[in-house]
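**Student:** Numbering (UniProt numbering), first residue to last: 1 to 137.
#1: In the DSSP assignment, what are the bridge partners of residue 21?
#2: With DSSP collapsed to three states, give me the class of residue 103.
#3: Between which residues of its own chain and residue 86 is the CB-CB distance below 6 Å, once the five residues before and five after are set aside?
#4: Does the stretch 21-38 come into contact with the stretch 106-114, if we say contact requires no fewer than three beta-carbon pairs (one atom in each stretch) closer than 8 Å?
#5: According to the neighbour-count rule (16 or more other Cβ atoms, all chains shown, within 10 Å of its Cβ), is residue 39 buried or exposed?
#6: Which value, in whole angstroms, describes the spacing of the CA atoms of residue 45 and residue 36?
#7: Count the C-beta pairs between the stretch 95-103 and the stretch 46-58 that are closer than 8 Å, then say yes if the count reaches three, no if not.
Okay, here's the thing in structure tokens:
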């Protein structure tokens with residue numbers, strides 16, 4: 001089995017031997033930040049639950065001008081909007097708190113690239129005689 005052709009060896013032989021490595025050390029601030037849309041989604045769910053409970057916990061009167069479904073829609077618009085806004089407000093407060101707990105750490109940034117190919121002089125590398133012109137003559 002050692003006689004089989006290994007394409008990985010051929011590929012590694014074709015790679016240039018020289019690599020350019022550039023390293024730098026920077027300081028970065030690391031902190032945990034809340035995801036706003038998650039807090040707003042929780043506010044939306046809580047608002048829907050509050051609206052449904054508040055609407056259907058009271059018995060429906062026979063002489064009411066609006067049905068329970070209409071009351072659910074009216075109160076839902078306002079209660080859900082308020083709960084989503086409260087969820088966003090909680091996320092903003094937690095974001096401010098996380099900024100106070102932020103810490104600065106050192107980050108090592110390494111960039112590795114192939115070495116640039118040596119520059120060639122096109123006038124020296126070109127053939128002295130154009131083969132197409134020789135065939136015509």
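Backbone N, C-alpha and C fix where the C-beta goes; we use that ideal spot for every residue, glycine too. Computed from a prediction, not measured in an experiment: that's the story for all the values here.
**Tutor:** Answer, in terms of the structure:
#1: 112
#2: strand
#3: 43
#4: yes
#5: buried
#6: 14 Å
#7: no
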